[in-house]
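Heads up, the working numbering is the position in the sequence shown plus 719, with the first residue counted as 1.
We put the beta carbon where it would ideally sit given N, CA and C, even for glycine.
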Amino acid sequence: MGAYRIGVLLGDGIGPEVVPVAQAVASEAARVCHLAVEWVQLPVGLAAYEEFGDTLPQQTVDTLRTCQGWILGPVEHHRYDPRQPGMRNPSGFLRKHFDLYANVRPARTWPGVPSRYEHVDLVVVRENTEDVYPDRNVLEGDAELRVTEDVVVSLRVVTRRACLRIARYAFTLATQRAAQRGRPARVTAVHKANVLRRGDGLFLECCREVAAQFPEVTFEDVHVDAASYFLVRDPVRYDVLVTPNLFGDILSDQAAGLVGSLGLAPSLNVGDRYAMAQAVHGSAPDIAGLGIANPAAEVLSVAMLFQWLGQQHGDTHATCAARLLEDALQATLAAGVLTPDLGGSCSTAQFAHTMQQAIQATLKAWEER
Ligand code: NAD
């Protein structure tokens, strides 16, 4: 394989502050691991709307098709007006259009980072293409209807195909994590099948069907309200949580809070052919432009993308770059280089600078081992 083509879409708010940091440290990790990457800058978000009248120009979508994966920075879509032409939500559209059906959102504690718990190491596997999200669960039109001035009706879509494939993804991931960590594999299905008997009933039925094909994985299911409670009381009990779309969106932010900050919460949107690195957080308008955003979530999201490329292509250079990013990030955090969201006073630029140095130091430590 020649160079991997990786799209870079900055996004809104803090996106242009954190995405370039992730790209810079990932470039350095790729260089020292002999991983050839061609970065392809593409317009998206409010800046693209200003320039092209579209928050997701067609040229961006067409070019992404020629890439193996890409980074999507946070988009401030609360400010987008979907009634205006050219104001679609790039995040939802890209997930659906490229069939990125699994949103993988790990949350773990890091040495040196103040957090409410120790030894948390879980991952939320969120179904990414249907459920109550109106921009992705109908072919045409919008699945959230304002019927009268005072009445809104929302449609929810749950299909056997999507439930089975997200369950399979979760069980396969649990098996891999168990092998890496030397501990038993465990999957928890989170649902509300006691009330949403048909929709979540189908989701649970599919999870049970897949669980029967993975007898070595311990399987349990829990109602989403109880899951929120257990997650706060004892997050260490969880390994892989598999959820429908909305529940996973909420629980993964909650999990980020338990281990320190949204600024440390990465995610990868995975399909059969493409993957999109995307931090869990939004555009953080309250701190945009201040130079204090934490770029770690973007860095870790790119590390997940490299890891995925390594698996897809059997490419040890990509796996090396992923590991190097993680180890260098760990060293940076352990050295107390913390942005304000983690209780520190370091700027985005200082963090980036330290992490570049940590990549060299980590490499040296590897070589000396
Ligand atoms: P948010 O995630 O942007 O912010 C929540 C809180 O976390 C804020 O206090 C913010 O300062 C902090 N935070 C987030 N990322 C941080 C980082 N990297 N470093 C330090 N602190 C960080 O959530 P919100 O305020 O609900 O949403 C803002 C906008 O983002 C909205 O328009 C929303 O629609 C959009 N959004 C986009 C995505 C996405 O593109 N993936 C995800 C969630 C929200």
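Determine, using beta carbons only, whether A998 and P825 come nearer to each other than 8 Å.
-> No, the Cβ-Cβ distance between A998 and P825 is not below 8 Å.
Cutoff 7 Å; reference H1036; Cβ partners in own chain excluding five residues on either side | So the list reads C752, H753, L754, once near-sequence residues are dropped.
Name the residue from V842, R865, L841, V876 whose alpha carbon lies nearest to the alpha carbon of L858.
-> Measuring from the Cα of L858, the nearest candidate turns out to be V876.
Which residue from K911, A974, Q1049 puts its Cα closest to that of V943?
-> The alpha carbon of V943 has as its nearest neighbour, out of K911, A974, Q1049, the alpha carbon of K911.
Give the single residue among V823, R952, V909 whose Cα lies nearest to the Cα of T891.
-> Residue V823 is the option with its Cα nearest to T891.
H797 Cβ short of 7 Å to the ligand NAD heavy atom set | H797 Cβ: within cutoff of the ligand NAD.
Beta carbon of I1006: closer than 7 Å to some heavy atom of the ligand NAD?
-> It does: the Cβ of I1006 is within 7 Å (strictly closer) of some heavy atom of the ligand NAD.
In terms of alpha-carbon separation, which member of C882, V763, N913, Q777 lies closest to S810?
-> When each option's Cα is compared against that of S810, the closest is V763.
Pull up the distance between the alpha-carbon of L987 and that of L1024, whole angstroms please.
-> Rounded to whole angstroms, the gap between the alpha carbons of L987 and L1024 is 7 Å.
Reduced DSSP secondary structure (H/G/I, E/B, other) of R824 | In the structure shown, the three-state DSSP call for R824 is strand.
V737 beta carbon less than 8 Å from that of E1017 = Closer than 8 Å, so yes.
Unbroken beta strand (DSSP E) run spanning N988, endpoints | For N988, the enclosing beta strand (DSSP E) covers residues 987–989.
On the premise that P985 lies in contact with D919, defined as a C-beta separation below 8 Å, what is that separation, rounded to the nearest angstrom?
-> For a cut-off of 8 Å, the C-beta gap from D919 to P985 is around 27 Å, too long to register as a contact.
Outcome for G1001 when other beta-carbon atoms lying within 10 angstroms are tallied against a minimum of 16 = Counting Cβ neighbours within 10 Å, G1001 comes out buried, since at least 16 surround it.
Is there contact between the stretch 1047–1067 and the stretch 954–974, where contact requires at least three CB pairs shorter than 8 Å?
-> No: the two stretches stay apart, fewer than three of their Cβ pairs being nearer than 8 Å.
Taking the beta strand (DSSP E) that F938 falls in, what are its first and last residues?
-> Annotation for F938: the continuous beta strand (DSSP E) segment containing it runs 937–942.
Below 6 Å CB to CB, which residues in the same chain sit around P776 once its five sequence neighbours on both sides are set aside?
-> Non-local beta-carbon contacts of P776 in its own chain, meaning distances under 6 Å to residues more than five positions away in sequence, involve P762, A767 in chain order.
Please indicate yes or no: does the CB of N1013 lie closer than 7 Å to some heavy atom of the ligand NAD?
-> Yes, since a heavy atom of the ligand NAD falls inside the 7 Å radius drawn around the Cβ of N1013.
When the Cα of L1009 is compared with those of L960, D991, C1065, which residue comes out closest?
-> The shortest C-alpha separation from L1009 is found at C1065.
Considering only residues of the same chain and omitting the five flanking positions on each side of A745, which have a CB-CB separation below 8 Å?
-> If you ignore the 5 residues before and after A745, its C-beta comes within less than 8 Å of the C-beta of V756, V1018, V1021, A1022, F1025, A1040, L1044, all in its own chain and listed in chain order.
Limits of the unbroken beta strand (DSSP E) element including Y723 = Element bounds for Y723: 723–728.
Near Y799, which residues of its chain fall below 7 Å by C-beta distance, leaving aside the five closest residues on each side in sequence?
-> Hits under 7 Å: T774, M806, N808.
T907: first and last residue of the uninterrupted beta strand (DSSP E) it sits in = Run containing T907: 905–910, per the beta strand (DSSP E) assignment.
Among R802, G772, L960, R724, which one has its Cα closest to the Cα of V759?
-> Minimum Cα distance to V759 is reached at R724.
Under three-state DSSP, which class holds R845?
-> It is a strand residue.
Below 8 Å on the Cβ atoms is my guess for L983 versus D850; work out the distance and round it to an integer in Å.
-> Contact doesn't hold; Cβ gap of about 26 Å is too wide.
V936 to C925, Cα distance in whole Å?
-> The alpha-carbon of V936 is positioned some 15 Å away from that of C925.
Residue from L921, G967, P954, A1007 with nearest C-alpha to G730 = Nearest of L921, G967, P954, A1007 to G730, Cα basis: A1007.
Return yes when the Cβ of L923 is within less than 8 Å of the Cβ of A908, no when it is not.
-> Contact flag set, yes.
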